[in-house]
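As structure tokens, the structure follows; a few thoughts come after it.
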Amino acid sequence: MKTTLDSSFRWNDKIMKPFLSFSQLFFFLLLWSCSVTILQTSVLALERLDSSQPSTVFTDLDNLDDLDRASLKDAIAQSLTALRQKPTTATLALGDRRVAVAHIRESLTAFAALVESGENVAAALLRDFDLYRVPLPVLFTGYHEPTLHGSRVRTERFRYPIYRRPADLVEMAPAASGGGKQFGRSSNEQIVPYFSRAEIDGDGVLNGKQYELFWVDDQVSLFLLHVQGSGQVLLPNGSRVRLGYIASNGRPYTSIGKVLMDQRKLAPGEATTPAIRRYLQTHPDEQTALLFANARYIFFRIMADEGPRGSLGVPLTPGRSLAIDPHVYPIGALGLIRTKRPIPSADGQVSWKAFSRFVLLQDTGAAITGRRRADIFWGADAEAEAGLMSQEGELFVVVKKR
55 MKTTLDSSFR
65 WNDKIMKPFL
75 SFSQLFFFLL
85 LWSCSVTILQ
95 TSVLALERLD
105 SSQPSTVFTD
115 LDNLDDLDRA
125 SLKDAIAQSL
135 TALRQKPTTA
145 TLALGDRRVA
155 VAHIRESLTA
165 FAALVESGEN
175 VAAALLRDFD
185 LYRVPLPVLF
195 TGYHEPTLHG
205 SRVRTERFRY
215 PIYRRPADLV
225 EMAPAASGGG
235 KQFGRSSNEQ
245 IVPYFSRAEI
255 DGDGVLNGKQ
265 YELFWVDDQV
275 SLFLLHVQGS
285 GQVLLPNGSR
295 VRLGYIASNG
305 RPYTSIGKVL
315 MDQRKLAPGE
325 ATTPAIRRYL
335 QTHPDEQTAL
345 LFANARYIFF
355 RIMADEGPRG
365 SLGVPLTPGR
375 SLAIDPHVYP
385 IGALGLIRTK
395 RPIPSADGQV
405 SWKAFSRFVL
415 LQDTGAAITG
425 RRRADIFWGA
435 DAEAEAGLMS
445 QEGELFVVVK
455 KR
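Offset between the sequence shown (1-based) and the working numbering: plus 54.
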């Protein structure tokens, strides 16, 4: 997506080139009067580092962001909308401790005011906010909202179903360990695991129960829709319908990319979405077994035409919304990321461009677990960029100083 960049919202090119390494960024942050708290890699204990005297060398730092301000303000507003609905006494994870929802709301409100003020955002950020991070690199991947060709009725072309939530899918209380939603089904007065992908798509256990929302023409695209969690269906009359996640079968997620690497069918570093799609399409005799290796299954609902929603319950903002593990990071909070993004060319080559950006932690994912994983939402029909995205970098959580 091409955006108009606000020159006051960038690094100063003369001062900051070449692009700073993560260790250099950390060093310069220490030179400013700020506090950086590190999430330790073992038990996530918090360690606060006091800064030295402010540096007089870098007097013209611009904001650390490569996108437009409008999208940032929209994303902040979405987080505030969701967090205002939570009790003031509620808390969110921040490493091994908890932070009050009220404090995250105050942080977002203060940062939004800072963006509107026209003040040097970088200098004020370091003066008025604390930054929390994991010292080891975070792996950033990407996801997007795909478009599938489909029909409301089954035909010879459209024969792969997208299911709504089945009536016998039971939602259980989260496990005592603090996991997310648990799903199963009732059998002989006991709750047992819900049907697997192989049982649903292979054995047809849901056939004839009228759970189909749409039928699509490509099972690989349908599988990738399950991985993404949201998408659009383009109907024969040219109209579009947006779909969003409503539930899963509760089974664990298995990465098909990892399966292909374990079988030495893709080399390490090659298991991107385009490469996985290409392998599945060129090896149709292996499709079923590979797809069934991921027992997890996603059910969908028809959404209003306002963009896909994340687990925070608000529409996602392309380039700004980030999926994280809510057991480590405070969902809804402001973050700052520094990594590299793919630049695919028409001839199939890929180059990588370093960037820094403010994001909002607004989503979660079955594959996004632990402190060293994060997933960037790229927007609609962005498989080339989102599917290639796999780079290490840094993630800072931005919280207003007390």
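Beta carbons are placed, not taken as given, at the ideal position from N, Cα and C, and that holds for glycine. Only a predicted model underlies this, so the values are computations on that prediction, with no experimental measurement involved.
Output the distance between the C-alpha atoms of residue i and residue j, rounded to the nearest integer angstrom.
{"i": "Ile310", "j": "Ala301", "result": "21 Å"}
{"i": "Trp269", "j": "Arg159", "result": "42 Å"}
{"i": "Thr342", "j": "Val259", "result": "16 Å"}
{"i": "Lys455", "j": "His157", "result": "9 Å"}
{"i": "Thr371", "j": "Leu388", "result": "13 Å"}
{"i": "Ala325", "j": "Leu148", "result": "31 Å"}
{"i": "Arg219", "j": "Asn174", "result": "49 Å"}
{"i": "Val224", "j": "Tyr248", "result": "9 Å"}
{"i": "Ser240", "j": "Met226", "result": "11 Å"}
{"i": "Ile92", "j": "Asp257", "result": "Because the pLDDT of Ile92 is 41, which lies under 50, any placement of that residue in the model is unreliable, and the number read from its coordinates should be weighed accordingly. Distance between the alpha carbons of Ile92 and Asp257 is about 49 Å."}
{"i": "Val207", "j": "Arg213", "result": "9 Å"}
{"i": "Asp271", "j": "Pro189", "result": "45 Å"}
{"i": "Arg392", "j": "Phe165", "result": "19 Å"}
{"i": "Ser77", "j": "Asp222", "result": "Because Ser77 carries a pLDDT of 43, less than 50, the predicted location of this residue cannot be relied on, and the following value inherits that uncertainty. About 52 Å."}
{"i": "Arg318", "j": "Thr327", "result": "17 Å"}
{"i": "Leu180", "j": "Trp432", "result": "28 Å"}
{"i": "Asp339", "j": "Leu289", "result": "28 Å"}
{"i": "Gln107", "j": "Phe237", "result": "Its pLDDT being 38, under 50, Gln107 is placed unreliably by the model, and the measurement read from it follows with that caveat. Going by the C-alpha atoms only, they are around 54 Å apart."}
{"i": "Val413", "j": "Arg211", "result": "40 Å"}
{"i": "Leu320", "j": "Thr336", "result": "13 Å"}
{"i": "Thr142", "j": "Ala440", "result": "36 Å"}
{"i": "Leu103", "j": "Asp184", "result": "Here Leu103 scores only 30 on pLDDT, less than 50, and its place in the model should not be relied on; the value that follows carries that caveat. So the two alpha carbons sit approximately 10 Å from each other."}
{"i": "Leu344", "j": "Lys235", "result": "26 Å"}
{"i": "Val451", "j": "Ala436", "result": "26 Å"}
{"i": "Lys312", "j": "Thr418", "result": "20 Å"}
{"i": "Tyr506", "j": "Ser250", "result": "No information on residue 506 is available, as it lies outside the stretch 55 to 456 that the chain covers here."}
{"i": "Ser205", "j": "Ile356", "result": "14 Å"}
{"i": "Arg187", "j": "Leu449", "result": "6 Å"}
{"i": "Gln244", "j": "Tyr307", "result": "23 Å"}
{"i": "Gln264", "j": "Gln139", "result": "35 Å"}
{"i": "Ala459", "j": "Ala178", "result": "Not covered by the structure: residue 459. The range shown for the chain is 55 to 456."}
{"i": "Pro396", "j": "Gln403", "result": "10 Å"}
{"i": "Ser399", "j": "Ala438", "result": "10 Å"}
{"i": "Leu267", "j": "Ala167", "result": "43 Å"}
{"i": "Arg332", "j": "Pro215", "result": "22 Å"}
Which residues in the same chain as residue i place their Cβ atom closer than 6 Å to its Cβ, once the five residues preceding and following it in sequence are excluded?
{"i": "Leu334", "result": "Val274 and Gln341"}
{"i": "Gly373", "result": "Leu121"}
{"i": "Ala252", "result": "Phe346"}
{"i": "Leu415", "result": "Leu376, Ile378, Tyr383, Ile385, Ala387 and Gly389"}
{"i": "Thr423", "result": "Asp379"}
{"i": "Ser365", "result": "Asp417 and Thr418"}
{"i": "Ser125", "result": "Thr371 and Arg374"}
Quick one: what's got a C-beta closer than 8 Å to residue i's C-beta in the same chain, skipping five residues either side?
{"i": "Pro322", "result": "Met315"}
{"i": "Pro369", "result": "Gln132, Glu360, Gly361, Pro362 and Arg363"}
{"i": "Gln286", "result": "Glu199, Pro200, Thr201, Leu202, Arg294, Val295, Arg296, Leu297 and Ala434"}
{"i": "Arg152", "result": "Thr145 and Leu146"}
{"i": "Ile254", "result": "Tyr217, Leu260, Asn303 and Tyr351"}
{"i": "Asp128", "result": "Thr371 and Arg374"}
{"i": "Lys394", "result": "Trp406, Lys407, Ala408, Phe409, Gln445 and Gly447"}
{"i": "Thr209", "result": "Trp269"}
{"i": "Asp67", "result": "Per-residue confidence for Asp67 stands at a pLDDT of 32, beneath the threshold of 50, marking its modelled position as unreliable; the derived number appears in the next sentence. Hits under 8 Å: none found."}
{"i": "Ser161", "result": "Phe183, Ala387, Leu388, Val452, Val453 and Lys454"}
{"i": "Ala420", "result": "Ser302, Pro306, Tyr307 and Arg350"}
For the alpha helix (DSSP H) containing residue i, name the first residue and the last one.
{"i": "Met443", "result": "Segment: none, Met443 is in no alpha helix (DSSP H) and carries neither H nor E."}
{"i": "Arg426", "result": "Element bounds for Arg426: n/a, residue is neither H nor E."}
{"i": "Leu288", "result": "Unbroken run through Leu288 is the beta strand (DSSP E), Ser284 to Leu288; no alpha helix (DSSP H)."}
{"i": "Val313", "result": "Ile310 to Asp316"}
Between which two residues does the beta strand (DSSP E) containing residue i stretch?
{"i": "Gly298", "result": "Arg294 to Ser302"}
{"i": "Val259", "result": "No beta strand (DSSP E) holds Val259; DSSP gives it neither H nor E."}
{"i": "Thr393", "result": "Leu388 to Pro398"}
{"i": "Asp417", "result": "Val404 to Asp417"}
{"i": "Glu340", "result": "Not the beta strand (DSSP E): Glu340 falls in the alpha helix (DSSP H), residues Pro338 to Phe346."}
{"i": "Val270", "result": "Glu266 to Val270"}
Going along the chain, which residues of its own chain have a beta-carbon closer than 7 Å to the beta-carbon of residue i, five neighbours each way excluded?
{"i": "Leu137", "result": "Val155, Ile158, Arg159 and Gly386"}
{"i": "Thr135", "result": "Val368"}
{"i": "Phe277", "result": "Leu345"}
I'd like to know if residue i contacts chain B, where contact means its C-beta is closer than 8 Å to some C-beta of that chain.
{"i": "Ser171", "result": "Chain labels in this structure do not include chain B; a single protein chain is all it has."}
With three or more C-beta pairs closer than 8 Å as the rule, is the region 430-450 touching the region 186-195?
yes
What beta strand (DSSP E) runs, 3 residues minimum, are completely inside the region 169-244?
183-187, 192-199, 201-205, 214-217, 224-226 and 236-241
Assess contact between the region 350-370 and the region 278-288, defined as three or more Cβ pairs (one per stretch) separated by less than 8 Å. Is contact present?
yes
So, do the region 377-393 and the region 427-435 have three or more beta carbon pairs nearer to each other than 8 Å?
Contact holds: three or more Cβ-Cβ distances are below 8 Å.
Contiguous alpha helix (DSSP H) assignments of at least 4 residues, all confined to the region 119-154:
123-137, all fully within the region 119-154.
List in chain order: all unbroken beta strand (DSSP E) runs of 3+ residues lying wholly within the region 345-374.
Counting only runs of 3 or more, we get 352-357.
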